[in-house]
Amino acid sequence: MNHPRPLVIGLDVATGASGVAGEGWTDHVRTTASSTHARLQYQLDGLASFYRNAQYVVIEGAAYSKNNNGADSLAGLRWMVRQDLWKRRIPYVVITPTKRITYATGTTVHKDPDGLRVKGPALKAMVRAAVKERYGIHTEGACQFDEADAYVLLAMGLHHLGHPLAEVPEKHARGLAGCDWSGFDKAVAR
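Per the numbering used here, the sequence shown starts with residue -9, numbered consecutively.
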């Protein structure tokens, strides 16, 4: 029996510009508010406008290896989003950046022609290129990488739920392993 594909939303949450994705589309929530409180509220309200009717949400978690100014605000925003999802009874899962990168590109360790590790904007561009190649989604503009990341998260959620958006090589699908899908799995069992 084929079940209809559930409404899943992918979120790459950030205090300045967050990427958002649903099947076949990407968007972003961007604020230039000067106060932390105003930025957090703007992001929460904007993100909620995308996920309010979702059946499942996939959120990118923290990159613990980064020394990140503003990490406190970002962590706060991520928990505000999780709390709002919980309040709305929308199941969610948090995916680490390394799992997202593995799902998109097959590994987290890429080398440039000189044998140096690819990271930063070059790695973000690889993820964006993978989204375009595999799913036909071309992200542009200032939030292109955030939107591409959100699309990978969406694809991971749908894949886990048995509705992959495209054929994914086994090397890439390894990104699904080790993620805590218990929030999704409990909802599926209802």
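No residue lacks a Cβ here, since even glycine has one placed at the ideal position from N, Cα and C.
- The segment -6 to 12 makes contact with the segment 31 to 42: 3 or more CB pairs, one atom from each, lie closer than 8 Å.
- Per the DSSP secondary-structure output, I(-1) pairs in a beta bridge with V47.
- Beta-bridge pairing by DSSP links T26 to no other residue.
- Taking every protein chain shown into account, the CB of G165 has 16 or more other CB atoms within 10 angstroms, so this residue is buried.
- Taking a contact as a CB-CB distance under 8 Å, the pair L75 and A4 does not count as one, their CB atoms being some 17 Å apart.
- Rounded to whole angstroms, Y141 and D104 show a C-alpha spacing of 30 Å.
- Inside the segment 120 to 175, DSSP marks whole alpha helix (DSSP H) runs of 4 or more residues at positions 134 to 150 and 160 to 163, from first to last along the chain.
- Between D175 and E50, the C-beta gap is not smaller than 8 Å, which leaves the two residues out of contact.
- Classified as buried, P87 has 16 or more neighbouring CB atoms from the shown chains inside 10 Å of its CB.
- For G147 against V48, the beta-carbon gap comes to about 4 Å, under 8 Å, which counts as contact.
- Taken through DSSP and simplified to helix, strand or coil, A7 comes out as strand.
- Looking from the CA of H162, the closest CA among I85, D62, R78 and R90 belongs to R90.
- Only residues of its own chain outside the window of five on either side were considered, and among them T21 and A23 have a CB closer than 6 Å to the CB of Y32, listed in chain order.
- Of all alpha-carbon atoms in R79, E130, E157 and D170, the one lying nearest the alpha-carbon of W15 is that of E130.
- The Cβ-Cβ distance between D136 and V83 does not fall below 8 Å.
- Setting aside the 5 residues that flank it on each side, A53 is surrounded in the same chain by P87, each with a C-beta closer than 6 Å to its C-beta; the list follows chain order.
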